[in-house]
Structures are given as C-alpha cells and as structure tokens.
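Asks: I'd like to ask you about the structure that follows.
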Amino acid sequence: MTPPQHRRHSIHPYEPIDLDDLDPLAAVDAVITDVHEFRIPGDANGLFTAARHVSLLCHLAARMAAETECGLRPSVKTSPPAAALGQTSEHLGRAVAHYTQALTPLVTLATRGSQVPLSQQLDGIEEHRRLRVHLHDGAQALAAARDCLHAAGRPTPARTPIAPHAPSASAHPRTRP
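Anchor point for the sequence shown: position 146 equals 146 in my numbering, and the numbering is continuous, going up by one each time.
This is the structure:
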C-alpha cells in the first residue's frame with residue numbers, strides 16, 4: 001500500500017513487475033524517475049520509501065545481470081552489448097548498497113521521539129547527513145548505470161516498451177538527494 005503522502009503525486013509508482021516490460025534503458029530511466037519523484041524523508045515514511053527503492057533496484061540489478069548472461073550466449077541477441085549490461089549491473093549494485101546503507105540512519109531517525117534532548121538532536125543532524133550522503137551516492141550510481149546503457153547506443157528490442165511517466169508541473173520541487 002502506498003503511504004498517504006505519495007498519493008498526491010501524479011506519477012505512476014513503479015513496481016518490479018512493471019519494469020519487466022521495459023527495455024533496459026527505459027527500465028533504468030523509470031527507476032530514476034521514480035526515485036526522484038518519491039523522495040525519502042528522514043522519518044518512518046522515508047523508511048518505507050527507501051525499502052521500496054531497494055526492492056526496485058534489486059529487481060533491476062537482477063534483471064540486468066540476467067540480460068548480461070543472455071548477451072554472452074551467441075545464439076541470443078539482446079539490445080545493449082553484454083559489456084554495457086555488465087557495467088550497468090555493477091552500477092546498480094552500488095546503488096542498491098547505498099540505498100541499503102541509508103536504512104540505518106532512517107531507522108535511527110524514525111525511532112526518535114519528538115521530545116529529545118539537545119545531544120540527541122545534534123546526533124540527528126549527523127544521521128541526516130549520513131542519509132543524504134548515501135542517497136546522493138546512490139543517485140550517482142543510478143546515473144552511471146543510465147550512462148552505460150545510453151553510451152551503448154544500440155536500438156531497443158522488438159518488444160514495445162512502456163515509456164516512464166514524466167512528472168507533472170504540479171509535482172513538488174525536486175531537491176538534491
């Protein structure tokens with residue numbers, strides 16, 4: 001179930017099954033769009049959103065690894081070359097690692113009460129910094145994954161890809177992870 005703050009967004013929230021119908025580049029773009037649209041706040045809702053992002057990234061990384069294996073067999077023709085898919089899988093693995101590491105500060109921030117001593121408030125600042133560093137590094141890894149597929153420049157496969165939904169102008173302003 002989608003948390004209430006996500007219902008106000010006009011973008012379709014992707015689920016792993018949705019990514020299976022997309023070509024590799026479109027799937028990476030869809031996840032990047034989803035990650036940018038559904039920001040991770042430093043609370044319990046952020047924990048839900050981060051877990052959802054990890055699920056999408058794990059599914060995408062596994063799919064890219066499987067497509068890499070298919071690309072290594074001479075009898076199977078895939079869209080991007082196996083080397084590009086392999087590098088994409090590596091970058092997606094780094095994104096999974098960073099988003100997973102973001103769970104620790106999220107749990108810490110989500111379990112804090114509203115009436116906390118000053119020392120714990122200062123610790124919370126450090127937790128927010130750690131969270132933002134991991135989210136930024138995860139976004140960089142996702143961008144690198146997209147760049148690998150984009151640089152491969154091969155045509156899309158015969159199946160009809162579903163284009164990722166573009167965020168509407170009424171969506172909240174994006175902030176840097």
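Just so you know, even glycine gets a beta-carbon here, dropped at the ideal spot from N, CA and C.
Roughly how many angstroms separate the alpha carbons of residue 66 and residue 23, rounded to a whole number?
Replies: If I take the Cα positions, the gap works out to 13 Å.
Asks: Would you be able to state if there are at least three C-beta pairs under 8 Å between the stretch 98-113 and the stretch 17-34?
Replies: Not touching, per the Cβ criterion.
Asks: With a CB to CB cut of under 6 Å and the five nearest residues on each side skipped, what residues in its chain are close to residue 94?
Replies: Hits under 6 Å: 141.
Asks: Return the chain-ordered list of same chain residues with a C-beta closer than 8 Å to the C-beta of residue 151, the five sequence neighbours on each side being excluded.
Replies: So the list reads 84, once near-sequence residues are dropped.
Asks: Verify whether the separation of the beta carbon atoms of residue 144 and residue 28 is less than 8 Å.
Replies: For residue 144 and residue 28, no; Cβs fall outside 8 Å.
Asks: What is the DSSP secondary structure of residue 20, reduced to helix, strand or coil?
Replies: Coil at residue 20, not helix or strand.
Asks: CA-CA distance, residue 148 and residue 90?
Replies: The straight-line gap from Cα to Cα measures roughly 10 Å.
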